[in-house]
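Trainee: Protein chains in written order, with the working numbering: chain D, 1 to 283; chain P, 1001 to 1238; chain L, 2001 to 2255. Note that the Cβ used here is the ideal one computed from N, Cα and C, for glycine as well. Starting off with a structure, shown below.
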Amino acid sequence: MDDIIAQVNCLKHEYPDHTTVDLCGLNFTVRRGQRVVVLGANGSGKSTLIYHLLGLLAPVDGDVTVFGVNPAKSFREVRQRVGVVLQDVDDQIIGPTVWDDVTFTPRAMGWPRERVNAAGDAILDRLGIQHLRTKIPHYLSGGEKRKVALAGALVTEPELLILDEPFTGLDPRSRSELVALLDSVSEQLHPGYVISTHEIDFVPHIADYVYVLAGPGGIAVSGTPHEVFSQGDRLRELGVDAPSLAELFSAMKDRGWDVGIPLTVEQALSELDRTFTGPHGVS
Amino acid sequence: MDLAFIDHMAANGDTPLHRVSASIKLAASAMLIAAAIVAATPLTAAAVTAAVIVLAAVTGQPLRRLAAIAAYPVLFAALFALGWVRSNAAFAAVIVIRAFNSGLIAVLLITTTTFVDVFAVLSRVLPGPVADGMFMAYRAFFLLFDELGRVLQAIRLRGGAGPTRAAQLRTYGEAMAVIVIHAADMTERMYRMMTVRGYSGRIRSSGESSAPAPRQYALLIYAAAVLAAQVALRTRQF
Amino acid sequence: MSHLHIPDGLLPLPVVIFGLAATALLVFAAARRLSRSEGTRVAPRIAMLSALMLVGMGLPLPILGYHVNLTVLTGIIAGPAAGLIAVFITNLILALIAHGGITTLGLNTLIGSVEVFLGWLVWNAARRAFHGGRTFAAASIAVVVALAVSTGAMLTIVRWSGTDPDQFGHVHSAAIADEHHEEAVGVDTTNTADAAHAAGATGATAAFRTFATLLLSAAVVGWAVEAAVVGALVQFISRARPEILDPDAIKEYKG
């Protein structure tokens, strides 16, 4: 149990306009180094879950713990261990220059100057944005701002990185670059991830575990990407699509083909190889 | 909007004056403004104008653009000076030239120094909420100004602001209301994120990373000389 | 144009220094008070108000090239203390782009703060009088009263600060120059001096009258324009997000 870094048990929240969000059902858990993706239709509670993990909201009912503390009461204790990138990065870039923004959190936490400078330089180098150091944020492109926001989130080498819809507004190439960046960060720093997204086709590339939220129904489905995306009908009920490849092979399976449900192109090629060169296939 | 254009000039320009440290430019500007105010005759006031123009020209600034922006304070001064034209034309001229000079000096400063660098210097003497408010207002302005542009574009695409002046004023008032609502929500989101990121009451700007090079002090010497000359001329007059 | 900013070089040094000192005291006091009552929430709130005032200047109103200054709206939304600091920041930025003087930053801030304070006061009074309704009228009345009083305050500052050449020691009028010359050569100039100074004073009064007439003629139109725009703005907000108009409302974040 001690490798659980974040946990949400049956969370319920009510907003001032009496909108309620119910995330009961299956428990939400993030383990050390695990990459968790949260899926769900609009209004299903993805952002609500994230804001509870950040301590920005407190539940009416239920428990939220991050590194063993209630974030709504004691986020300060775990701030250094959590990094966050919001959907609209303009909401979180607050430093006058890129350097000021990236080093904002460690300075706010009272790190010595040398340590701040070392950490700032390290993350700028790691993300390839050292050349943006003295730039004023509102003159950056969308992609550059996203990298700056990510740098600000990673500068303290957090053990948990939370990303709210990180692929929104990115073109396909930028999305691929972001996935590569997250992979690289994962290899080097091994943080746990919580990523909320609609980009289904990227989920197999970035997730170890998937939760699908169902709005009033709470957490409806959870499991590895393969376990979740094999339940095409259930996902459709919840307003969530499966990755295109999974949909195709699921349809093939329904028609009697002896295929599994691949989630990546490589897996799909393996399935096709197996199918077309196997006992029933064409060599 | 002047502010956006001016900021762009400061952030993206690369003239010798851009490379001088903000502290030196602020001190030099203060001396030049003092010189502008001390000047008591049309001739001495015009001498200050010439000194500033020479500085701008030598450092490669776009003079016409700067003069156009600096002309704004002349409006108030001209309104005031109008009443003096008959009884004391020289005084009227001094009032107008002073206002222009002061504006030109300010614009020369801010088109070669980013607001961020100016605020970094000023934040050393201002209380926390004021200093932080400055930095954040600067950032928020550009976000909201872009939003206003989108709202105005939407108005245009959907048929315009209205057939009468009254209808147009209402439309623009409501457009501004949309911006106010957006600003309120944005403020709340930013505040939440600032809290998550550890904000405790001071946004620091790294400002100038090293001491100014000795040759930058030439600007200070120039400004001091202009001020000294004006003080000497004024003292001799009276 | 009810709200022209006083440029540099117009007013005597003691008046300018008073403006800067008074503003510094008020800004520091307001910052301290707000830090105690609102903590770290102060700065983003003030920043929003300043940014809105700056953005308002970019609204392309179709009358006389007038632009709104939104100081009254600031008072309505945020109250006097936060409004004062927001006006200071706005005026600082405007002074740097030559919309108002650097040395007169203090005086311009004081005048803007009069609008913030009166806007807040009259808005609340009008809301009580209208039993919470008629928001357009309440906001418009607040605008007109605040801008009229602030314009009067500005004119008073200009008039009573003694802006005339002789008191300044500026360029002398011909009469004063003659007086000095006659003194220098030992001529008794008492009567001449009195007459010359009286002529100067009359000139100052006449000049001020011209200035005030011109300014007020344009200002009255400006008050009407701003009243219409702010009235519509406040009415819209009162329908869509009324809590924004309550400085004490605590909002919970929602997405």
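So, is the C-beta of A1011/P closer than 8 Å to a C-beta in chain D?
Mentor: Walking along the second sequence from the start, residue 1011/P turns up at place 11. Chain D contact via Cβ: present.
Trainee: With 16 as the cutoff for other CB atoms within 10 Å, does V2187/L come out buried or exposed?
Mentor: What you label residue 2187/L is simply residue 187 of the third sequence in a count that begins at 1. With a pLDDT of only 43 at V2187/L, under 50, the local geometry of the prediction cannot be trusted, and the value read off the model is given with reservation. Exposed, since its Cβ has fewer than 16 Cβ neighbours within 10 Å.
Trainee: What residue range does the beta strand (DSSP E) around S196/D cover?
Mentor: To locate residue 196/D, count along the first sequence from 1; it is residue 196. For S196/D, the enclosing beta strand (DSSP E) has its first and last residue at G192 to S196.
Trainee: So for D2178/L, helix, strand or coil by DSSP?
Mentor: Residue 2178/L sits at position 178 when you count from the first residue of the third sequence. Unreliable positioning characterises D2178/L in this predicted model, as indicated by a pLDDT of 48, which lies under 50. The coordinate reading is nonetheless provided below. Looking at D2178/L - three-state DSSP - the assignment turns out to be helix.
Trainee: According to the Cβ coordinates, are I2089/L and W2123/L closer than 8 Å?
Mentor: Within the third sequence, residue 2089/L is the residue found at index 89, counting from 1. Within the third sequence, residue 2123/L is the residue found at index 123, counting from 1. Not closer than 8 Å, so no.
Trainee: Which residues in chain P have a C-beta closer than 8 Å to the C-beta of L140/D? List them in chain order.
Mentor: Here residue 140/D refers to the residue found at position 140 when the first sequence is read from its first residue. Below the 8 Å Cβ cutoff, chain P contributes no neighbours of L140/D, its closest Cβ being approximately 11 Å away.
Trainee: In chain P, which residues lie less than 9 Å from F104/D when you measure between Cβ atoms?
Mentor: Along the first sequence, one-based indexing puts residue 104/D at 104. Per Cβ cutoff of 9 Å: M1194, R1197, G1198, Y1199, I1203 and R1204.
Trainee: State the Cα-Cα distance for the pair G2169/L and A2137/L, rounded to the nearest angstrom.
Mentor: In the third sequence, the residue the question calls residue 2169/L occupies position 169. In the third sequence, the residue the question calls residue 2137/L occupies position 137. Note that G2169/L scores a pLDDT of 42, beneath 50, so its modelled location is shaky; the value from the coordinates is reported in the next line. Between G2169/L and A2137/L, the C-alpha separation is close to 48 Å.
Trainee: Report, in whole angstroms, the separation of the C-beta atoms of R133/D and W99/D, which I expect to be a contact under 8 Å.
Mentor: By one-based count along the first sequence, residue 133/D stands at place 133. By one-based count along the first sequence, residue 99/D stands at place 99. The Cβ separation is near 5 Å, so the contact holds.
Trainee: Strictly below 9 Å CB to CB, what residues from chain P border F2208/L?
Mentor: Position 208 of the third sequence, counted from the first residue, corresponds to residue 2208/L. Within chain P, the residues near F2208/L are F1080 and G1083.
Trainee: Using CA atoms only, rank isn't needed, just tell me which of G223/D, L160/D and L53/D is closest to A72/D.
Mentor: Here residue 72/D is taken as the residue at index 72 of the first sequence, counted from 1. The shortest Cα separation from A72/D among G223/D, L160/D and L53/D belongs to L53/D.
Trainee: Please state whether the Cβ-Cβ distance between A1056/P and V1048/P is less than 8 Å.
Mentor: On the second sequence, position 56 is the one that residue 1056/P refers to. On the second sequence, position 48 is the one that residue 1048/P refers to. No; because the gap between Cβ atoms is not below 8 Å, this pair is not in contact.
Trainee: Along chain D, which residues have their Cβ under 8 Å away from the Cβ of A1143/P?
Mentor: Numbered from 1 along the second sequence, position 143 holds the residue referred to as residue 1143/P. The sequence as given places Leu at residue 1143/P; Ala does not occur at that position. By Cβ distance, chain D contributes D90 and H138.
Trainee: Using the beta-carbon of each residue, which ones in chain D are nearer than 7 Å to R1189/P?
Mentor: Along the second sequence, one-based indexing puts residue 1189/P at 189. Annotation: Cβ neighbours of R1189/P in chain D (cutoff 7 Å, chain order): D91.
Trainee: Threshold first: 4 residues or longer. Then list the alpha helix (DSSP H) segments lying entirely within the region 1112–1159 of chain P, N to C.
Mentor: Qualifying alpha helix (DSSP H) stretches, in chain order: 1115–1122 and 1128–1157.
Trainee: Just checking my contact of V82/D with V64/D at CB under 8 Å: how many whole Å lie between their CB atoms?
Mentor: Reading the first sequence from its first residue, position 82 is the one you call residue 82/D. Reading the first sequence from its first residue, position 64 is the one you call residue 64/D. Contact flag wrong, Cβ pair sits at about 13 Å.
Trainee: My parser needs the alpha helix (DSSP H) runs of 4 or more residues fully inside the region 2079–2157 of chain L; what are they?
Mentor: Positions of the alpha helix (DSSP H) runs, each at least 4 residues long and wholly inside the region 2079–2157 of chain L, are given as 2080–2096 and 2105–2129 in order along the chain.
Trainee: Find the residues of chain A that neighbour V2221/L, judging by a C-beta separation of less than 8 Å, and give them in chain order.
Mentor: Among the chains of the structure shown, chain A does not appear; the protein chains present are D, P and L.
Trainee: Tell me whether the region 1124–1137 of chain P and the region 1059–1069 of chain P touch, counting them as touching only if at least three CB pairs, one residue from each stretch, are closer than 8 Å.
Mentor: no
Trainee: Can you pull the chain P neighbours of A108/D, defined as C-beta to C-beta under 7 Å?
Mentor: Counting from 1 along the first sequence, the entry for residue 108/D is found at position 108. Per Cβ cutoff of 7 Å: R1197, G1198, Y1199 and S1200.
Trainee: Given R2045/L, which residues of its chain have a CB within under 7 Å of its CB, disregarding the five upstream and five downstream residues?
Mentor: As a first step, residue 2045/L is located in the third sequence; it is residue number 45 there, counting from the start. Only A2078 and A2082 meet the Cβ criterion.
Trainee: In the structure shown, what three-state DSSP assignment does L2245/L receive?
Mentor: Along the third sequence, read from residue 1 onward, the residue named residue 2245/L stands at position 245. DSSP places L2245/L in helix when its eight states are reduced to three.
Trainee: Among the residues of its own chain, which have a CB less than 7 Å from the CB of G1128/P, if the five just before and after it don't count?
Mentor: By 1-based counting over the second sequence, the position of residue 1128/P is 128. The answer, listed in chain order, is G1201 and R1202.
Trainee: Answer with buried or exposed for I2237/L, where buried requires no fewer than 16 other C-beta atoms within 10 angstroms of its C-beta.
Mentor: Translated into positions along the third sequence, residue 2237/L becomes position 237. Result: buried.
Trainee: On the DSSP bridge list, what partners appear for R31/D?
Mentor: Stepping through the first sequence from its first residue, residue 31/D is reached at position 31. Its beta-bridge partners are I4/D.
Trainee: Leaving out the 5 sequence neighbours to the left and right, which residues in its chain are closer than 7 Å to E157/D when beta-carbon positions are compared?
Mentor: On the first sequence, position 157 is the one that residue 157/D refers to. L189, listed in sequence order.
Trainee: Return the Cβ separation of I2063/L and V2220/L in integer angstroms, given the expectation that the two are a contact with Cβ distance under 8 Å.
Mentor: Position 63 of the third sequence, counted from the first residue, corresponds to residue 2063/L. Position 220 of the third sequence, counted from the first residue, corresponds to residue 2220/L. With a Cβ gap of about 12 Å, I2063/L and V2220/L do not count as contacting.
Trainee: Looking at the strands, I want to know which residues DSSP matches up with H52/D.
Mentor: Taking the first residue of the first sequence as position 1, residue 52/D is located at position 52. H52/D is not bridged to any residue.
Trainee: Could you name the residues of chain D that M1031/P contacts, counting a contact when the two beta carbons are closer than 8 Å?
Mentor: Walking along the second sequence from the start, residue 1031/P turns up at place 31. Ordered by position in chain D, no residue passes the 8 Å Cβ test against M1031/P, which lies about 26 Å from the chain.
Trainee: Starting from V1226/P, find everything on chain L with Cβ-Cβ shorter than 9 Å and list it in chain order.
Mentor: Looking up residue 1226/P in the second sequence gives position 226. Those do not exist, as V1226/P stays about 15 Å from chain L at its closest Cβ, beyond 9 Å.
Trainee: How many angstroms separate the CA atom of V36/D from the CA atom of A214/D?
Mentor: Here residue 36/D is taken as the residue at index 36 of the first sequence, counted from 1. Here residue 214/D is taken as the residue at index 214 of the first sequence, counted from 1. The straight-line gap from Cα to Cα measures roughly 17 Å.
Trainee: At a Cβ threshold of 8 Å, is S2046/L touching chain P?
Mentor: Counting from 1 along the third sequence, the entry for residue 2046/L is found at position 46. Looking at the sequence provided, one finds Ile at residue 2046/L rather than Ser. True, the Cβ-Cβ gap to chain P drops below 8 Å.
Trainee: Jot down the residue ranges of each uninterrupted beta strand (DSSP E) in the region 59–137 of chain D, minimum 3 residues, whole runs only, in chain order.
Mentor: 61–66 and 82–85
Trainee: Start and end of the beta strand (DSSP E) containing L213/D?
Mentor: For the purposes of this step, residue 213/D is taken as the residue at position 213 of the first sequence. Segment Y209 to L213, the beta strand (DSSP E) holding L213/D.
Trainee: Just confirm the distance between the C-beta atoms of F28/D and Y211/D, as a whole number of angstroms; I'd bet it's less than 8 Å.
Mentor: Counting from 1 along the first sequence, the entry for residue 28/D is found at position 28. Counting from 1 along the first sequence, the entry for residue 211/D is found at position 211. F28/D to Y211/D, Cβ: 6 Å. Contact.
Trainee: Quick one: residues in its chain with C-beta nearer than 7 Å to the C-beta of P204/D, no 5 flanking neighbours on either side, listed in chain order?
Mentor: Counted from its first residue, the first sequence places residue 204/D at position 204. Hits under 7 Å: P225, P243, L263 and T264.
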